[in-house]
Amino acid sequence: MEFSLSSKKSLRGDILIPPDKSLSHRAVMFNSLAEGDAKISNFLMGEDCLSTISVLKELGVKIKVSGSDVFTYGKGINSLSQPTKVLDVGNSGTTIRLMSGILAGRDFESTLDGDSSIRKRPMNRIIEPLNKMGAKISANNNNENAPIKFNGGSLDTLNYDLPVASAQLKSSLILAGLRSKNGIIIREKATSRDHTERLLSNMGADIITKGLEISVNPSNIESRDITVPGDISSASFWLVAACIHDNAELTIRNVGINETRSGIISVLKRMGAHIEFSNKKDYSGEPACDIYVKSSKLKATEISGSEIPLLIDEIPIIALASVYAEGETKIIDAEELRYKESDRISLTVNWMKKAGAVVEELRDGIIITGNNNLSGGTFSSHGDHRLAMTLGIASLVSKKKITVKNPEASNVSYPGFWDYLNDLGD
Ligand code: S3P
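In the working numbering, the protein residues as written are 1 to 426.
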């Protein structure tokens, strides 16, 4: 498939974004391990979260889907049963990594596998500490690549410094810690998204966070009804669209603004973006609000260190914003981007260079010198949802038409994105 769009004269209106992907995964996983029934409202029906549901169903959990609601009937943390086939996570890194913590040290065998992108992504970062706890897990290429096989074992204690600031790794170990004999202590390099700690604590788990150190004691959890707020990572495409378009005014409704996720807001504000919050609300322990954003004169900034995990998924779209910012924007300490659904450093630099931007590739980041200049062209998403949507937003401001090959990659996190893009503004 292909999608083509020429720039638009104006972008105005209200935008309703899809439910949060990270929270949708966690809401259904944790309620499946809890005692009791739960209703999850405004669940993201994107391919990634549907993969999580089908994996949990294969493990014997009763789950019903009705419209945008999901009903779970959890029977407790030890209630999963042996699957009859390989558990397919599709394109979802969150599913494979969090489910690994759930499947580690069970008294049955299972295998997690996924698509060609998943098979390239690093898995030893979860396998090594889980095996240290006593799990018996193996994978291809010295335990680095899926398929991941779980061969029983039992979980003891762990005292561990996480080698990367990754919420998926942290969450995987926390989930294993709940079923460990004596609890675990882990230390993050920098704060990453804390949805797992918030939600599990809310469900009664014994989790204590002190700065970068997290202690998890063996716990059972109780089911909770959850309403999922909108996904700030999906909102980011419209935030940047409005900032870089010279005739734009958008209000994005019900956006989750957990401070471990909202690094893009601080960065865009620092760059001079006109952004206002209103209607602050609480969504099952997660803050959310409406965000008003309009055309802004942006200036360059530097993004590095502990700010990176707070906006890790937004770097491709921030790179696009930087093309329309005055000066040199430097993004460093972001090597993790090379291990996402694609190598997002190299692919971002490639398409931007071809389109006329002034970009330099670093091992751990990107330097962009703003020149307000994107000519059109044909670019592939390389099967990466966030690259696909970044190219879609670029088409709103590009001098000539942009054609995106394989645009349907966006379905893992943002079903309906291309219709929305087509229909917005004029
Ligand atoms: C996620 C964490 C991030 C992010 C991913 C979703 C999560 O990955 O890139 O899209 O839901 O925990 P890492 O924690 O591995 O950086």
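From the three backbone atoms N, C-alpha and C, an ideal C-beta is built for every residue, glycine too.
Determine the burial state of Gly416: buried for a count of at least 16 other Cβ atoms within 10 Å of its Cβ, exposed for fewer. As a position in the sequence shown, residue 416 is number 416, starting the count at 1. By the neighbour-count rule (16 or more Cβ atoms within 10 Å), Gly416 is not buried but exposed.
For Glu326, which three-state DSSP category applies? On the sequence shown, residue 326 is found 326 positions in, with the first residue counted as 1. The answer is strand: DSSP assigns Glu326 an E or B state.
Return the chain-ordered ranges of every beta strand (DSSP E) run that is complete within the stretch 97-145 and spans a minimum of 3 residues. 109-113, 135-139
Return the Cβ separation of Phe150 and Leu103 in integer angstroms, given the expectation that the two are a contact with Cβ distance under 8 Å. By 1-based counting over the sequence shown, the position of residue 150 is 150. By 1-based counting over the sequence shown, the position of residue 103 is 103. Rounded, the Cβ-Cβ distance is 5 Å, consistent with contact.
When the distance is taken between beta carbons, is Asp37 closer than 8 Å to Phe71? Here residue 71 is taken as the residue at index 71 of the sequence shown, counted from 1. Here residue 37 is taken as the residue at index 37 of the sequence shown, counted from 1. For Phe71 and Asp37, yes; Cβs fall inside 8 Å.
Alpha carbon to alpha carbon, how far is Arg338 from Asn141? Give it in angstroms, no decimals. Indexing the sequence shown from 1 puts residue 141 at position 141. Indexing the sequence shown from 1 puts residue 338 at position 338. Asn141 and Arg338: Cα-Cα distance of roughly 18 Å.
Consult DSSP for Asp219 and reduce its assignment to one of helix, strand or coil. Looking up residue 219 in the sequence shown gives position 219. Contrary to the premise, residue 219 reads as Ser rather than Asp in this sequence. Coil, per DSSP.
In chain order, what residues of the same chain have a beta carbon less than 6 Å from the beta carbon of Thr348, not counting five sequence neighbours either side? If you number the sequence shown from 1, residue 348 lands on position 348. Correct list, in chain order: Pro316, Ala319.
Looking at Met133: is its Cβ nearer than 8 Å to the Cβ of Ser172? For the purposes of this step, residue 133 is taken as residue 133 along the sequence shown, with counting starting at 1. For the purposes of this step, residue 172 is taken as residue 172 along the sequence shown, with counting starting at 1. Cβ distance not < 8 Å, so Met133 and Ser172 don't count as in contact.
Let's see if you can read the secondary structure: which residues bound the beta strand (DSSP E) around Ser41? The residue given as residue 41 occupies position 41 in the sequence shown. Unbroken beta strand (DSSP E) run through Ser41: 35-41.
Cβ neighbour criterion (16 or more within 10 Å) applied to Glu276: Within the sequence shown, numbered from 1, the residue matching residue 276 stands at position 276. Glu276 comes out exposed.
Beta-carbon proximity list for Leu374, same chain, < 7 Å, skipping 5 on both sides: Along the sequence shown, one-based indexing puts residue 374 at 374. Excluding positions up to five away in sequence, the list reads Val323, Ala355, Gly356, Ala357, Ala394, Val397, Ser398, Lys399.
Under the three-state reduction of DSSP, which class applies to His245: helix, strand or coil? Along the sequence shown, one-based indexing puts residue 245 at 245. Three-state result, His245: coil.
Opposing strand residues paired with Lys181 [DSSP bridges]: In the sequence shown, residue 181 corresponds to position 181, counting from 1. Lys181 is not bridged to any residue.
Check each candidate in Lys405, Gly392, Gly153, Met29 and name the one with the smallest Cα separation from Asp419. What you label residue 419 is simply residue 419 of the sequence shown in a count that begins at 1. Answer by Cα proximity: Gly392.
Can you tell me the Cβ-Cβ gap for Ser54 and Val412, rounded? I've got them flagged as a contact below 8 Å. What you label residue 54 is simply residue 54 of the sequence shown in a count that begins at 1. What you label residue 412 is simply residue 412 of the sequence shown in a count that begins at 1. In fact, because the Cβ distance is near 14 Å, the residues do not count as touching under 8 Å.
Taking only beta-carbon positions, decide if Asn371 is within less than 8 Å of chain B. Included in the structure is just one protein chain, with no chain B present.
Cβ pair Asp20, Val267 closer than 8 Å: Taking the sequence shown and counting its residues from 1, the one referred to as residue 20 is at position 20. Taking the sequence shown and counting its residues from 1, the one referred to as residue 267 is at position 267. Cβ distance not < 8 Å, so Asp20 and Val267 don't count as in contact.
Any heavy atom of the ligand S3P closer than 7 Å to the Cβ of Ser54? Locating residue 54 in the sequence shown gives position 54, where the first residue counts as 1. No, since every heavy atom of the ligand S3P falls outside the 7 Å radius drawn around the Cβ of Ser54.
Closest Cα partner of Asp175 within the set Val65, Thr191, Ser215, Asn145: What you label residue 175 is simply residue 175 of the sequence shown in a count that begins at 1. The question names Asp, but residue 175 in the sequence shown is Leu. Ranking the options by Cα distance to Leu175, first place goes to Ser215.
Please identify the residue among Arg193, Ile402, Met123 whose C-alpha is closest to the C-alpha of Ser306. Sequence index remark: in the sequence shown, residue 306 carries index 306 (1-based). Of Arg193, Ile402, Met123, the residue nearest in Cα terms is Arg193.
With contact counted as at least three CB pairs below 8 Å, one residue from each stretch, are the stretch 249-256 and the stretch 283-291 in contact? Segment contact: the stretch 249-256 against the stretch 283-291, three or more CB-CB distances shorter than 8 Å; contact assigned.
Would you say the beta carbon of Thr94 comes nearer than 7 Å to a heavy atom of the ligand S3P? Along the sequence shown, read from residue 1 onward, the residue named residue 94 stands at position 94. At least one heavy atom of the ligand S3P lies less than 7 Å from the C-beta of Thr94.
Taking the runs of the alpha helix (DSSP H) that are 4 residues or longer, which of them lie wholly in the stretch 252-296? 263-270, all fully within the stretch 252-296.
Are there any heavy atoms of the ligand S3P lying less than 7 Å away from the beta-carbon of Ala319, as far as the coordinates show? Along the sequence shown, read from residue 1 onward, the residue named residue 319 stands at position 319. Not so, every heavy atom of the ligand S3P lies at least 7 Å from the Cβ.
Residue from Thr369, Lys405, Leu11 with nearest C-alpha to Gly377: Counting from 1 along the sequence shown, the entry for residue 377 is found at position 377. The shortest Cα separation from Gly377 among Thr369, Lys405, Leu11 belongs to Lys405.
Under 8 Å by Cβ, that's how I've got Leu11 and Ala248 pegged, so tell me the actual separation to the nearest angstrom. On the sequence shown, residue 11 is found 11 positions in, with the first residue counted as 1. On the sequence shown, residue 248 is found 248 positions in, with the first residue counted as 1. Their Cβ separation, rounded to whole angstroms, is 4 Å, which keeps Leu11 and Ala248 in contact under 8 Å.
Take Asp206 as the anchor and find which of Pro218, Glu213, Asn143, Leu212 has the nearest alpha-carbon. Within the sequence shown, the letter at position 206 stands for residue 206. With respect to the C-alpha of Asp206, the residue from Pro218, Glu213, Asn143, Leu212 having the closest C-alpha is Pro218.
Do Met123 and Ala135 count as a contact pair if the criterion is CB distance below 8 Å? Numbered from its first residue, the sequence shown carries residue 135 at position 135. Numbered from its first residue, the sequence shown carries residue 123 at position 123. No, these two residues do not count as a Cβ contact at 8 Å.
Start-to-end residues for the beta strand (DSSP E) that takes in Asn159: Within the sequence shown, numbered from 1, the residue matching residue 159 stands at position 159. Looking at the DSSP string, the run of the beta strand (DSSP E) that includes Asn159 is 158-161.
Taking only three categories from DSSP, how would you classify Tyr339? In the sequence shown, the residue the question calls residue 339 occupies position 339. It is helical.
If you compare alpha carbons, which of Leu169, Lys401, Leu311 is closest to Phe379? Residue 379 sits at position 379 when you count from the first residue of the sequence shown. Checked all of Leu169, Lys401, Leu311; the closest Cα to Phe379 is Lys401.
Taking the DSSP output, what are the residues bridged to Thr427? Missing from the structure shown is residue 427; the chain here goes from 1 to 426 and no further.
Three or more C-beta pairs below 8 Å linking the stretch 50-65 and the stretch 223-238: Result no; under three Cβ-Cβ pairs closer than 8 Å.
Find the nearest neighbour of Asp69 within the set Tyr160, Tyr283, Gly76, Ile40, judged by alpha-carbon distance. The count along the sequence shown starts at 1 and reaches residue 69 at position 69. Cα-wise, what sits closest to Asp69 is Ile40.
For the ligand S3P, is there a heavy atom less than 7 Å away from the beta-carbon of Lys340? Reading the sequence shown from its first residue, position 340 is the one you call residue 340. For the ligand S3P, at least one heavy atom lies less than 7 Å from the Cβ of Lys340.
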